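In case it helps, the numbering used here puts the sequence shown at residues -6 to 294. Beta carbons are placed, not taken as given, at the ideal position from N, Cα and C, and that holds for glycine. A quick note: this is a predicted structure, and the numbers were derived from the prediction, not measured. Take a look at the structure below.
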Amino acid sequence: MKRDRGLTARMAFTILMLSFAYVALIIILFWAGISPYFIFGIGIVMVFFQYFMSDKLVLAATRSKVVTEKERPKLHSMIDRLSKAAGIPKPKNIAIMESEAPNAFATGRSPKHATVAVTTGLLNKLNDDELEAVLGHELGHVKNKDVMVMTWASLIIVVAGFLMQMLFWMSLFGGFGGNRRDNNGGQLMIIMMIVYVSVIVIYFVSQLLVRALSRYRELAADRVGAELTGSPKHLASALRKISGQIAMIPEKDLRQIEHANAFFIIPALQGKTMAAMMSSHPPTELRIERLMNMERSMRGR
């Protein structure tokens, strides 16, 4: 199938804007006399931990159980077949999470270290075609190396968040020069206040950009999943079922799996009043519409 040039362009533009945010933050740090090497060093250590431990952390947080091919032969067979079609190694771990909420997620720092997990609710609610379509979507994330992309894209949020906390505590204990009576003290306080406000702005702008990138990566995974199965309508049908079933599950039950909310194919907790631009996933209706357009294109209608 043809490449979605519009989606690719939006992702490239978002990454470009994130690059500008990185440059702006580094310039502000140099201007304030704060070593960016120290600040980014801390951020990189934190992101490295998240990057290399993401699969273990998410499995532990969701209490997902890794299952063998003997325990779940059909699930393994589907993933093995789709992995070959995608040209990637079969994920290292295949897991099942005990939850009535139908959902799935993929994580791991590379295709060789990937984990794909599904809930018991997903296995019970979807037919084989729909299940295969969902697994194709998750393998789309693995193929596109989305965990790596999103982890490193989020570095600026980690760094800016750390800076916000550091500057906040400095302001409380007079670190902005507020205790000094001379002109230099007053100038230092003004400089640090400008830095503080600038870091807050960069933090929130970066949040918006990273969330936008996440939404685009979801659309890209939808496309890959639809191409792997050759039937976009089955993924559209699965999204309808998952969204409808999640809406009927009590929020207190959904909160048990909110740790993996950003990883799911559809967020367990979507929030009716949440602004669309702050969501990590695009609207389900948009995803279904795009998939049905793909279906018509593939069938020549």
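C-beta atoms of residue i and residue j nearer than 9 Å
i, j, result
"M141", "Y196", "no"
"V152", "I21", "no"
"A14", "I184", "no"
"N96", "I8", "no"
"L75", "G129", "yes"
"A213", "L11", "no"
"N117", "G101", "no"
"A306", "F256", "The first residue shown for the chain is -6 and the last is 294, placing residue 306 beyond what the model contains."
"A88", "K58", "yes"
"L201", "M271", "yes"
Supposed close pair residue i, residue j - CB separation, criterion 8 Å
i, j, result
"G218", "G133", "5 Å"
"V109", "P84", "5 Å"
"P225", "L279", "Going by Cβ atoms, the distance from P225 to L279 rounds to 14 Å, so no, they are not a contact pair."
"V203", "A146", "5 Å"
Among the options, the one whose alpha carbon lies nearest that of residue i
i, options, result
"H106", "T7, M46, M241 and L279", "M46"
"D215", "R204, L116 and E131", "E131"
"R233", "Y209, E282, K67 and L202", "E282"
"N186", "T100, T112, W162 and S28", "A small fix is needed here, since residue 186 is Met in this sequence, not Asn. Selected option, being the one with the closest Cα: W162."
"E123", "Q180, S92 and L68", "L68"
"P104", "A97, V111, S92 and G80", "G80"
"S199", "M143, R210 and I235", "M143"
"R210", "V135, S57 and P66", "V135"
"A5", "T112, S57 and L206", "L206"
"V194", "T222, M159, G154 and F98", "G154"
"S236", "R289, N286, G114 and M159", "G114"
"I259", "D73, S57, A94 and G26", "A94"
"M339", "S230, A231, V40 and E220", "In the structure as shown, the chain begins at -6 and stops at 294. Residue 339 is therefore absent and cannot be evaluated."
"E125", "P275, H274, E288 and A229", "A229"
"T277", "A231, D48 and M39", "A231"
"G223", "V127, L160, L18 and P275", "V127"
Assigned exposure category for residue i - 16 Cβ within 10 Å defines buried
i, result
"N120", "exposed"
"F33", "buried"
"K77", "exposed"
"M90", "buried"
"T266", "Note that T266 scores a pLDDT of 45, beneath 50, so its modelled location is shaky; the value from the coordinates is reported in the next line. By the 10 Å Cβ count, T266 comes out exposed."
"V16", "exposed"
"E64", "exposed"
"M241", "exposed"
"R56", "exposed"
"S273", "buried"
"V190", "exposed"
"S334", "Outside the displayed range of the chain (-6 to 294) lies residue 334, so it cannot be described from this structure."
"V38", "exposed"
"R208", "buried"
"T112", "buried"
"Y44", "buried"
Boundaries (first-last residue) of the alpha helix (DSSP H) holding residue i
i, result
"A78", "P66 to A79"
"V316", "Given a span of -6 to 294 for the chain in the structure shown, any question on residue 316 remains unanswerable."
"I20", "R(-2) to A25"
"E282", "T277 to M291"
"I239", "P225 to M241"
"V51", "P29 to T55"
"H274", "Careful: H274 lies outside any alpha helix (DSSP H) and carries neither H nor E."
Continuous beta strand (DSSP E) stretch holding residue i: start and end
i, result
"A99", "A97 to T100"
"T108", "T108 to T112"
"I89", "N86 to M90"
C-beta neighbour in chain C for residue i, strict 9 Å
i, result
"M143", "The chain inventory of the structure shown lacks chain C, comprising one protein chain alone."
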